[in-house]
DNA sequence: TCCCTTCTGTGACATCAGTCACTGTACTCC
DNA sequence: GGAGTACAGTGACTGATGTCACAGAAGGGA
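Written as structure tokens, this is what we have:
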């Protein structure tokens, strides 16, 4: 790993102790993903723990008919919790992970990540914290699917998207419909209604978000 | 803790190493729950890791309007993964845990459970395995809500229930409706349809399950 | 510039699920 | 055994969401 990566790593994962960061730098491999590249596919065997150093990943579920829906996003400094749990047993991934923007991921061989749990307190804490965070996000997603009508789910979705990538939501209605496991026409109508409240402005291939809390 | 508990504990948690079991026996407290008693409420501060030694618990989510829906069941030998994650930070519970049958739970003070992660390899493995299992079950629940119509969700629900408590499903239609976050009438109709296929027979306050795979 | 593709908007309609209103049935407690 | 209560069955209606069928708008490439 080159030295410029080192500095970036230190920044993104500053909660990890120095000797651990050194090991990561020495032992892991870097992968660059273009927008739309997959970091992990459903059914794939997991051999590494995935850390995100740059970019944005989405973690989602896909059913047998190709329907998908978004679980949550991963930002730089996050780890894919599932890839940590699968550690050491060559488990198959239950999820899809895809790059939303151009991204850079750090792949740590599973046996090392396993080893470090005992060796580095900060790694152990990081893993636990990651589990917890993801579990909570998943619960929120679950809530929104189980308890909320589609208009509220759309709001929840937009808010989350704004939080990770700003007020210009660069998505087509079709993409949004996919991630909510709905259909384009319905999303179009709901977005139109939102536009009428003044919360957003619609454009081709992107949505300008003004204020989602006024709704 | 009395000695008869000790033997039971050994049985249910045989994957844990002996010195750890001794510590558990010495340091934890036992609580007996009657059917319907709550082990954990949403918003409650978590001070202990919860292990289930006898009975059956259901873990579910509740929204602000009192709607609920089932996440998964815990059987003897299982632990409440959420209560492990909240460890050491006095976090609030995001979930409800309630006894389905008369149950016995083991409460381990959070600081100990935290300590043991480093001290006992088998504890560490147990915690990781618990996270993973619960995460997977949660994903399945999520799938069923997101991708399936209510009739299939009902099937999924019944199958899961049969797995943990046998072919006599002792529940009213109302209870099932609650756990699926639906309404009694709808569940009644779907059950009636199921009965017509021969998969089940309906009785007052319980459902006799013959074969859910023929549907 | 012109064609072609992709994205968006919209009406009409079908379907599933939730709600209301009511009936009937089984169990329980005096 | 009678009254009261919880549970179950059913028809009618409503609303939300998904589907179909188009039409129009925006952008991209030859």
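Chains as they are written, first to last, in the working numbering: chain W, 1 to 215; chain B, 1001 to 1215.
By construction, the Cβ of each residue, glycine as well, lies at the ideal position given by its N, Cα and C atoms.
Would the beta-carbon of residue i fall within 8 Å of that of residue j?
i: residue 1164 of chain B; j: residue 1056 of chain B; result: yes
i: residue 157 of chain W; j: residue 179 of chain W; result: yes
i: residue 1012 of chain B; j: residue 1076 of chain B; result: yes
i: residue 112 of chain W; j: residue 27 of chain W; result: yes
i: residue 187 of chain W; j: residue 173 of chain W; result: yes
i: residue 1046 of chain B; j: residue 1091 of chain B; result: yes
i: residue 1104 of chain B; j: residue 1034 of chain B; result: no
i: residue 1085 of chain B; j: residue 1042 of chain B; result: no
i: residue 1063 of chain B; j: residue 147 of chain W; result: yes
i: residue 135 of chain W; j: residue 1126 of chain B; result: no
i: residue 120 of chain W; j: residue 17 of chain W; result: yes
i: residue 1214 of chain B; j: residue 1199 of chain B; result: yes
i: residue 74 of chain W; j: residue 52 of chain W; result: yes
i: residue 60 of chain W; j: residue 137 of chain W; result: no
i: residue 1107 of chain B; j: residue 1050 of chain B; result: yes
i: residue 48 of chain W; j: residue 83 of chain W; result: yes
i: residue 1216 of chain B; j: residue 1208 of chain B; result: Residue 1216 of chain B is absent from the structure shown; chain B starts at 1001 and stops at 1215.
i: residue 67 of chain W; j: residue 183 of chain W; result: no
i: residue 1021 of chain B; j: residue 1010 of chain B; result: yes
i: residue 1212 of chain B; j: residue 1155 of chain B; result: yes
i: residue 1098 of chain B; j: residue 1023 of chain B; result: no
Helix, strand or coil for residue i, going by three-state DSSP, please let me know.
i: residue 26 of chain W; result: helix
i: residue 1016 of chain B; result: coil
i: residue 1128 of chain B; result: helix
i: residue 103 of chain W; result: strand
i: residue 212 of chain W; result: coil
i: residue 1035 of chain B; result: coil
i: residue 1133 of chain B; result: helix
i: residue 1091 of chain B; result: coil
i: residue 118 of chain W; result: helix
i: residue 68 of chain W; result: strand
i: residue 1081 of chain B; result: helix
Taking the beta strand (DSSP E) that residue i falls in, what are its first and last residues?
i: residue 207 of chain W; result: 206-209
i: residue 1060 of chain B; result: 1057-1062
i: residue 1099 of chain B; result: 1096-1099
i: residue 1051 of chain B; result: 1048-1054
i: residue 1042 of chain B; result: Looking at the DSSP string, residue 1042 of chain B is not in any beta strand (DSSP E), and its letter there is neither H nor E.
Let me know if residue i comes out buried or exposed under the rule of 16 or more other beta-carbons within 10 Å of its beta-carbon.
i: residue 1094 of chain B; result: buried
i: residue 1205 of chain B; result: exposed
i: residue 1189 of chain B; result: exposed
i: residue 141 of chain W; result: buried
i: residue 1100 of chain B; result: buried
i: residue 210 of chain W; result: exposed
i: residue 161 of chain W; result: buried
i: residue 58 of chain W; result: buried
i: residue 65 of chain W; result: exposed
i: residue 1008 of chain B; result: exposed
i: residue 1201 of chain B; result: exposed
i: residue 79 of chain W; result: buried
i: residue 118 of chain W; result: exposed
i: residue 191 of chain W; result: buried
i: residue 152 of chain W; result: exposed
i: residue 1159 of chain B; result: exposed
i: residue 1149 of chain B; result: exposed
Exercise. Considering only residues of the stretch 143-197 of chain W, which uninterrupted alpha helix (DSSP H) runs meet the minimum length of 4 residues and lie entirely inside it, listed in chain order?
Worked result: The qualifying runs are 150-165, 173-179 and 184-197.
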